[in-house]
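Read top to bottom, the protein sequences are chains A and B. FYI, the numbering for the first sequence is 68 to 366, going by my numbering. FYI, the numbering for the second sequence is 228 to 401, going by my numbering.
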Amino acid sequence: MNILILDLPQSADDYAEWLENQLVSPDFGELLSELRALASGNAGTGPAATLDAILGDQKSQVLESGLRCLTPQQVRELLKNPDALEDLLFEIHISDSEYWQLQLPAMQIPESAIPPELRERADKQAVTPVLKSDVSDAPKTSRPAATSRRSWWIGAVLATAAVVLVMFSLRQPEAPNGWGWQRSDVFTAQLTAPEYLQHLADSANQWFNKTPTDRDSLRTRLAEFREGCDQLIEAPHPQLADTDRKWLVERCRAWSTKLDEHIAALDQGESFEDVQRDADETVMRLINAIEERAESLNA
Amino acid sequence: MNTADYAAYLLAEHGNRLYRLARSLTGDDNAANDLCQEVWCNVLASKQQSRPDDAGEFPWLCCIIKNAWVTGYRKKKARIDVAVGDGFEGSQQRTSETLPDARLEKKEQIGAMNDCVQELPMEFREVLQLRYGCDLLSYEEISDMLGIPKGTVGSRAGRGKKLVAECMERKGYA
Chain A
68 MNILILDLPQ SADDYAEWLE NQLVSPDFGE LLSELRALAS GNAGTGPAAT
118 LDAILGDQKS QVLESGLRCL TPQQVRELLK NPDALEDLLF EIHISDSEYW
168 QLQLPAMQIP ESAIPPELRE RADKQAVTPV LKSDVSDAPK TSRPAATSRR
218 SWWIGAVLAT AAVVLVMFSL RQPEAPNGWG WQRSDVFTAQ LTAPEYLQHL
268 ADSANQWFNK TPTDRDSLRT RLAEFREGCD QLIEAPHPQL ADTDRKWLVE
318 RCRAWSTKLD EHIAALDQGE SFEDVQRDAD ETVMRLINAI EERAESLNA
Chain B
228 MNTADYAAYL LAEHGNRLYR LARSLTGDDN AANDLCQEVW CNVLASKQQS
278 RPDDAGEFPW LCCIIKNAWV TGYRKKKARI DVAVGDGFEG SQQRTSETLP
328 DARLEKKEQI GAMNDCVQEL PMEFREVLQL RYGCDLLSYE EISDMLGIPK
378 GTVGSRAGRG KKLVAECMER KGYA
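Written as structure tokens, this is what we have:
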């Protein structure tokens with residue numbers, strides 16, 4: 068089961084960042100489809116809101132610098148109105164906003180997306196790749212006049228060469244891999260101590276986003292979680308006080324031991340269902356422990 | 228410039244950017260390919276008078292893609308409605324097989340998820356309905372509304388999602 072809306076962050080303050088990440092994902096359409104299905108199930112809750120009605124005079128700010136200027140309620144309204152969200156997607160892609168262009172992934176049109184009658188021509192020309200920064204950096208080719216196809220070809224070749232240079236000169240940061248605590252961006256210094264602990268609990272909750280279907284997939288999932296624990300133990304957690312950091316690391320060592328036991332149980336032939344149930348309980352307990360610690364810091 | 232040259236020029240200039248939009252919009256490789264094909268066929272069939280100026284090229288292509296997307300969606304939806312409602316035994320299955328569309332699959336998936344949520348014990352159901360139903364509430368908001376600790380909301384949501392995943396697996400949504 069892969070339902071994206073189930074990854075909605077626990078805190079409404081994080082909705083904007085999450086939705087922004089979804090908007091620049093190539094799989095955004097999946098979320099749109101889910102939201103449409105949810106919205107159709109909630110029909111009768113009121114008329115659909117338009118993008119302009121939701122964003123008001125903040126639309127230009129959103130196009131210039133992202134969704135973080137929006138209130139959680141505005142983000143929620145976007146999620147509840149998929150047509151408005153789709154309109155926002157178009158506006159983002161059409162806009163030349165550097166902010167968004169830097170975040171949208173580079174993509175190359177596949178041959179199968181081009182009609183055969185155009186494909187042959189496309190083979191002769193290099194289709195200018197879209198890079199994260201080429202919109203502002205690369206020279207734009209101008210529309211050719213009917214009598215100057217040669218200059219257009221030269222322009223296209225020059226543009227392609229420039230883009231290739233940009234490709235080599237720009238070191239795009241690699242997207243973090245994995246899930247939960249495996250992702251290096253989980254260990255951010257940008258959050259306060261209670262927010263950070265809650266964020267760690269949210270990330271651990273991703274365990275439940277995917278259900279292993281056999282021993283191998285459960286073993287892999289456990290090993291991934293175990294790897295995340297190692298990352299957590301090594302991370303600096305600068306916002307945490309010494310006592311909280313020590314508590315977190317010690318608890319994580321204990322959870323790691325528990326996860327190792329689950330892996331060992333699998334290897335020793337214990338039933339898949341039993342190990343999965345025990346692992347779920349371990350994860351649930353660690354999430355609860357971190358959340359309680361976060362709440363105690365908030366108190 | 229004749230239409231084919233113009234289309235080739237637009238393809239070279241905006242092809243990747245347009246594909247990126249199509250991929251994001253559809254969330255699916257095949258649907259993105261079909262949508263782009265439709266756009267380029269539209270461009271090839273367009274009249275010279277309809278061509279925009281330089282700055283308007285990409286917005287114009289986006290307008291074509293949006294029309295193709297919305298029209299295609301409506302057409303497909305109408306076909307689905309006819310297929311599902313024609314009284315043919317097993318028509319739901321046939322529809323799924325003959326219309327492999329990400330949106331239809333998602334709709335079925337969300338429908339199955341809602342059914343699974345309905346089958347949950349009350350304590351899990353109420354949390355999931357507040358969280359993913361029409362309210363999209365945060366843990367804190369659910370905690371305030373139900374008068375239970377946020378950690379309990381988290382564990383009920385986690386456990387509830389797990390039960391829903393198991394239920395969906397039983398229904399064939401692995």
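Note that beta-carbon positions come from the ideal geometry of N, C-alpha and C, so glycine has one too. Since the structure is predicted, the reported quantities are computational estimates derived from the model, not experimental observations.
Residues from the segment 266-281 of chain A in contact with chain B, defined by Cβ distance under 7 Å: A268, N272, F275, T278 and T280
So what does DSSP say about M174 (chain A), is it helix, strand or coil? strand
Which whole-angstrom value is the C-beta distance of L122 (chain A) and S164 (chain A), which I expect to be below 8 Å? In fact, because the Cβ distance is near 14 Å, the residues do not count as touching under 8 Å.
Do C361 (chain B) and K126 (chain A) have their beta-carbon atoms positioned less than 8 Å apart in this structure? no
Determine the direct distance from the alpha carbon of E317 (chain A) to that of F254 (chain A), and round the result to whole angstroms. 17 Å
Please check if any C-beta of chain A sits within less than 8 Å of the C-beta of L293 (chain B). The residue you asked about is not Leu; residue 293 (chain B) is Lys in the sequence shown. So yes, K293 (chain B) belongs to the interface.
Cβ neighbour criterion (16 or more within 10 Å) applied to S370 (chain B): buried
Report buried or exposed for Q275 (chain B), applying the criterion of at least 16 other Cβ atoms within 10 angstroms of its Cβ. exposed
Mind listing which residues of the segment 334-349 of chain B have their C-beta closer than 8 Å to chain A's C-betas, in chain order? K334, Q336, I337, G338, M340 and N341
With burial defined as no fewer than 16 other Cβ atoms inside 10 Å of the residue's Cβ, what is the status of M349 (chain B): buried or exposed? exposed
Would you say K126 (chain A) reaches chain B, if we count a Cβ-Cβ gap shorter than 8 Å as a contact? no
Is the separation between the beta-carbon of L238 (chain B) and that of W267 (chain B) shorter than 8 Å? yes
Would you say Q147 (chain A) reaches chain B, if we count a Cβ-Cβ gap shorter than 8 Å as a contact? Here the sequence assigns Lys to residue 147 (chain A), which means Gln is not the residue at that position. With 8 Å as the cut-off, K147 (chain A) counts as an interface residue toward chain B.
Considering only their Cβ atoms, is the gap separating L364 (chain A) from A260 (chain A) smaller than 8 Å? yes
Between the C-alpha atoms of K304 (chain B) and D334 (chain A), what's the straight-line distance to the nearest angstrom? At K304 (chain B), the pLDDT of 48 sits below 50, so the modelled position is not reliable and the matter cannot be decided from this model.
Per-residue DSSP class, three states only, for D339 (chain A): At residue 339 (chain A) the sequence reads Phe, which differs from the Asp that was named. Correct three-state label for F339 (chain A): helix.
Please list, in chain order, the chain B residues whose beta carbon lies closer than 9 Å to that of S368 (chain A). Nothing can be reported for residue 368 (chain A), as the shown portion of chain A is limited to 68 through 366.
Tell me whether I300 (chain A) sits in a helix, a strand or coil according to DSSP, three-state version. helix
For T138 (chain A), count neighbouring Cβ atoms within 10 angstroms of its own Cβ and tell me buried if that reaches 16, exposed if not. exposed
Chain A contact residues for T253 (chain B), given Cβ-Cβ distances below 7 Å: G96
Please report the straight-line C-alpha distance between R250 (chain B) and A308 (chain A), rounded to a whole angstrom. 45 Å
Compare the Cα-Cα distances from E84 (chain A) to each of A:D311, A:C136 and A:D119 and report the closest residue. A:C136
Could you have a look at G399 (chain B) and say whether DSSP puts it in helix, strand or coil? coil
For N365 (chain A), name the three-state secondary structure that DSSP assigns. helix
For the segment 72-83 of chain A, list every residue whose C-beta sits within 9 Å of some C-beta in chain B, in sequence order. I72, L73, L75, P76, Q77, S78, A79, D80, D81 and Y82
Best match in B:C343, B:T230, B:H241 and B:V344 for proximity to C263 (chain B) [C-alpha to C-alpha]: B:H241
Check whether the segment 381-397 of chain B touches the segment 339-346 of chain B, counting contact only when three or more Cβ pairs, one atom from each stretch, lie closer than 8 Å. yes
According to DSSP, simplified to helix, strand and coil, what is Q128 (chain A)? helix
Using a C-beta to C-beta distance shorter than 8 Å, which residues of chain A count as neighbours of L271 (chain B)? P182, E184 and L185
Could you spell out where the alpha helix (DSSP H) holding R358 (chain B) opens and where it closes? M349 to Y359
Determine the burial state of R293 (chain A): buried for a count of at least 16 other Cβ atoms within 10 Å of its Cβ, exposed for fewer. buried
On the criterion of 16 or more Cβ atoms from any shown chain inside 10 Å, does A272 (chain B) qualify as buried, or is it exposed? exposed
Any Cβ of chain B within less than 8 Å of the Cβ of P261 (chain A)? no
Of all Cβ atoms in chain B, is any one closer than 8 Å to the Cβ of D347 (chain A)? yes
To the nearest angstrom, report how far apart S100 (chain A) and V344 (chain B) are at their CA atoms. 19 Å
Taking its Cβ as the centre, do 16 or more other Cβ atoms sit within 10 Å of T349 (chain A), making it buried, or is it exposed? buried
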